[in-house]
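Colleague: Starting off with a structure, shown below.
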Amino acid sequence: MLEDVPRDPFADDPNDPAAELGEPDDPEPLSVAERDEALTDLADVEVFRSLLEPQGVLGLVLDCPECGEQHYFDWDLLRGNLRQMIDNGRPQVHEPAFQPDPSDYVSWEYARGYVDGVIDTEESR
309 MLEDVPRDPF ADDPNDPAAE LGEPDDPEPL SVAERDEALT DLADVEVFRS LLEPQGVLGL
369 VLDCPECGEQ HYFDWDLLRG NLRQMIDNGR PQVHEPAFQP DPSDYVSWEY ARGYVDGVID
429 TEESR
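According to my numbering, numbering within the sequence shown proceeds without interruption in unit steps and concludes at 433.
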């Protein structure tokens, strides 16, 4: 589902600077457990978005285990990355958010807690 992610700005450019790197290796397909986890994450993101976007939350902030920094993902980019993982075994390369306002994003843990709170409130009625 490549329509879920931004188009490569160098697509079809004969002077693409990444051309020197050659073609990327074919990714290993996800294991059944990894695919199930990604599908669960995708479903979670949809629930998070449905409850948090109306509150002004633009997406999630995730700690990157590779670089140790926080990355800010809007809802569409996060959804697109998960779809790419499910469909192709790895996420699409993307540009990081430009000067995101950290107050517009929440952590996965916060989003999960928010959803749990909404569920608990509904069940106690």
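Built from N, CA and C at the ideal position, the CB exists for glycine as well.
From this set, E417, C375 and Y413, which residue's C-alpha is nearest P434's C-alpha?
Modeller: Outside the modelled stretch of the chain, which goes from 309 to 433, sits residue 434, for which no answer is possible.
Colleague: Give the DSSP bridge partners of L368, in chain order.
Modeller: The partner list for L368 (beta bridge, DSSP) reads F381 and V414.
Colleague: Using only the alpha-carbon positions, how far apart do V355 and T429 sit?
Modeller: Cα to Cα, the separation comes out at about 16 Å.
Colleague: Assuming L390 and D349 are in contact, meaning their beta carbons sit under 8 Å apart, how far apart are those beta carbons, in whole angstroms?
Modeller: Rounded, the Cβ-Cβ distance is 6 Å, consistent with contact.
Colleague: With distances taken Cα to Cα, identify the nearest neighbour of E336 among C372, M393, Y418 and F381.
Modeller: Ranking the options by Cα distance to E336, first place goes to M393.
Colleague: So which of A351, A319 and A341 has the shortest CA-CA distance to V423?
Modeller: Measuring from the Cα of V423, the nearest candidate turns out to be A351.
Colleague: Could you work out which residue in N396, S339 and G367 is closest to E417 when comparing CA atoms only?
Modeller: The option with the nearest alpha carbon to E417 is G367.
Colleague: Over the uninterrupted alpha helix (DSSP H) stretch that includes S358, give me the two end residues.
Modeller: Its alpha helix (DSSP H) spans residues V340 to L360.
Colleague: Once you ignore the five residues that flank V397 on each side, which residues in its own chain have a CB closer than 7 Å to its CB?
Modeller: Note on residue identity: the sequence assigns Gly, not Val, to residue 397. Closer than 7 Å at Cβ, skipping near neighbours: P335, E336, P337 and L338.
Colleague: By alpha-carbon positions, which one of G364, V353 and D320 ends up nearest to D384?
Modeller: The residue with the shortest Cα to Cα distance from D384 is V353.
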